[in-house]
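A.B. asks: Residue numbers (my numbering): 634 to 759. Below you will find the structure I want to go over with you.
What follows is the structure in structure tokens.
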């Protein structure tokens with residue numbers, strides 16, 4: 634499978650985006666990255682998050698407190714973990730699985746979008 638730039642996607646990126654998989658915590662390229670820019674969906678290239686909304690949550694995945702623009706992400710109930718319902722986040726344009734959103738964020742939004750690094754591509758600004 635190719636990403637939005639025509640590059641071959643890793644097996645892990647395909648597993649995550651197409652089969653709702655998860656990369657192991659603290660292994661993703663963007664977990665601790667502080668580069669300014671925007672994060673695009675790796676599959677279709679849609680701009681999803683601004684690096685300015687990124688924060689270090691300690692959860693092991695890149696975390697954002699808000700989306701770049703409303704309507705770019707869709708939320709789906711995830712009952713795959715018995716007794717632990719979650720809200721899955723997907724790209725609204727191509728339906729790629731990105732991660733999950735939780736209501737325990739530290740900013741005014743109260744949100745923590747916990748996103749797999751392999752599901753997004755950082756486009757640095759400047």
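For every residue, glycine included, the Cβ atom is placed at its ideal position computed from N, Cα and C. Everything numeric in this text was worked out from a predicted model, so none of it was measured.
Indicate the three-state DSSP secondary structure (helix, strand or coil) for residue 649 in the structure shown.
C.D. replies: Residue 649 falls in the helix class under three-state DSSP.
A.B. asks: Just to confirm my understanding: we take residue 665, look at its own chain, exclude 5 residues before and 5 after, and list those with CB closer than 8 Å. What are they?
C.D. replies: Around residue 665: 689.
A.B. asks: In chain order, what residues of the same chain lie with their CB nearer than 8 Å to the CB of residue 645, ignoring the 5 residues before and after it?
C.D. replies: Excluding positions up to five away in sequence, the list reads 654, 656, 751.
A.B. asks: If you drop the 5 nearest sequence neighbours on each side, which residues of the same chain put their C-beta closer than 7 Å to that of residue 756?
C.D. replies: Closer than 7 Å at Cβ, skipping near neighbours: 670, 671, 673.
A.B. asks: Mapping DSSP to helix, strand and coil, what is residue 710?
C.D. replies: Strand at residue 710.
A.B. asks: If you pair each beta-carbon of the stretch 637-644 with each one of the stretch 697-712, do three or more pairs fall below 8 Å?
C.D. replies: The stretch 637-644 is not in contact with the stretch 697-712.
A.B. asks: With burial defined as no fewer than 16 other Cβ atoms inside 10 Å of the residue's Cβ, what is the status of residue 696: buried or exposed?
C.D. replies: Residue 696 should be labelled buried.
A.B. asks: So which of 731, 742, 745, 738 has the shortest CA-CA distance to residue 651?
C.D. replies: Among 731, 742, 745, 738, the Cα nearest to that of residue 651 belongs to 731.
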